[in-house]
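Data first, discussion second: the structure below is written as structure tokens.
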Amino acid sequence: MSFTIKKEGEIVVVDVEGQLIVGNRQELKQKVLDELERGEKKFLIDFAQTGYIDSSGLGVLVSLSKKIREQGGELRLANLNDDLKTLFELTKLDTLFQISDTRDRALASF
Amino acid sequence: MAALIPPDAGLRVSLEVVIPSDVAYIERVVDLVRHPCAELAYNAHQLALNVPVALSEAISNAILRANNEDPIKRVLVRAEIDTRQLVVDVQDEGEPFDLDGNIRDATDPENLEREDGRGLFLMRALMDRVERFDANGAAPGGNVVRLTLARA
Chain A
1 MSFTIKKEGE IVVVDVEGQL IVGNRQELKQ KVLDELERGE KKFLIDFAQT GYIDSSGLGV
61 LVSLSKKIRE QGGELRLANL NDDLKTLFEL TKLDTLFQIS DTRDRALASF
Chain B
1 MAALIPPDAG LRVSLEVVIP SDVAYIERVV DLVRHPCAEL AYNAHQLALN VPVALSEAIS
61 NAILRANNED PIKRVLVRAE IDTRQLVVDV QDEGEPFDLD GNIRDATDPE NLEREDGRGL
121 FLMRALMDRV ERFDANGAAP GGNVVRLTLA RA
């Protein structure tokens, strides 16, 4: 499991490879917060290569979304597979995040 | 004519894993349980969502809440898997807790922006049954959280 961060124009894109769970959530949080501290405002997390997400992983996404909003920025999500969509729907977090089907659509939505 | 019996109908897999109270082990235990479920043709959603997420939550609770990440305390995971159902017991060495007393609705608008509080909610949503028993071991204390899921 790993997180890759790159810039697409003004947008910081994070790829989550493998699981986003209690064992690695802090790593994701810290990487995104470091970018936020550097002044970045627009964030996209891409789940195209993600396996499963547990409640700690969901919690980190909620927490990051709040912190980014507090700094006047935005966090958006892309490429949730059917099971991840179900997870977001079950927890109603699909109502909290702007979620796009593809990376390109998400990038264009900012 | 004899009824057709699926070739895996009599198969039953039992496994037992003991891990230290360290969340780094969770993913490996989930994979160990998921593998026989895949062999016994549990459906793709159960393999990708129900089993890994619910099990990850149960083990994580045992490590973080019950055992408080105490390096001396262990978590025992016992799974029985056949073509009808998966039953997993996750046993900790912590103080008894009241599973049924925790009924906070994680989807309530007031709770939606909380970072925590979705673990038990997800276990209940993704499993057919979630139960808690007192552990029946040599050491005093300890809880067993039992997850049950019928194969689909």
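Here the protein sequences come in this chain order: A and B.
My numbering applies: residue 1 is where the first sequence begins, and numbers increase by one.
My numbering applies: residue 1 is where the second sequence begins, and numbers increase by one.
Glycine is no exception: its CB is placed at the ideal position from the N, C-alpha and C atoms.
Pair within 8 Å by beta-carbon distance, residue i and residue j
i	j	result
B/Leu-112	A/Lys-92	yes
A/Phe-88	A/Asp-94	yes
B/Val-51	B/Cys-37	yes
B/Arg-74	B/Val-130	no
A/Gly-57	A/Ile-5	no
B/Ala-66	B/Met-127	no
B/Thr-148	B/Gln-85	yes
A/Phe-47	A/Leu-80	yes
B/Thr-83	B/Arg-146	no
B/Leu-15	B/Arg-34	no
8 Å Cβ cutoff, residue i in contact with chain A
i	result
B/Ile-72	no
B/Ser-56	yes
B/Arg-118	yes
B/Glu-16	no
B/Val-23	yes
Beta carbon proximity, residue i to chain B, threshold 8 Å
i	result
A/Asp-83	yes
A/Thr-91	yes
A/Val-62	yes
A/Leu-96	yes
A/Leu-33	no
A/Leu-87	yes
A/Asp-46	no
Enclosing alpha helix (DSSP H) for residue i [first to last residue]
i	result
B/Pro-36	26-39
A/Lys-31	25-37
A/Glu-70	55-70
B/Val-53	51-61
Boundaries (first-last residue) of the beta strand (DSSP E) holding residue i
i	result
A/Phe-3	2-8
B/Pro-96	Counting along the chain, B/Pro-96 falls outside any beta strand (DSSP E), and DSSP gives it neither H nor E.
B/Phe-121	Premise fails: B/Phe-121 lies in the alpha helix (DSSP H), 119-126, not in any beta strand (DSSP E).
B/Val-75	74-82
A/Phe-43	42-46
Proximity test, residue i beta-carbon vs the ligand FAD heavy atom, cut-off 7 Å
i	result
B/Arg-28	Absence of the ligand FAD is noted for the structure shown, with no ligands found whatsoever.
At least three beta-carbon pairs within less than 8 Å, the region 25-44 of chain B to the region 119-132 of chain B: no
Evaluate the contact criterion for the region 51-65 of chain A versus the region 84-96 of chain B: three or more CB pairs, one atom per stretch, below 8 Å. no
Counting beta carbon pairs with one atom in the region 34-52 of chain A and one in the region 70-84 of chain A, are three or more of them shorter than 8 Å? Result yes; three or more Cβ-Cβ pairs closer than 8 Å.
For the region 59-67 of chain B against the region 99-108 of chain A, are there 3 or more C-beta pairs whose distance is under 8 Å? The count of Cβ pairs closer than 8 Å, one atom from the region 59-67 of chain B and one from the region 99-108 of chain A, stays below three, leaving the stretches out of contact.
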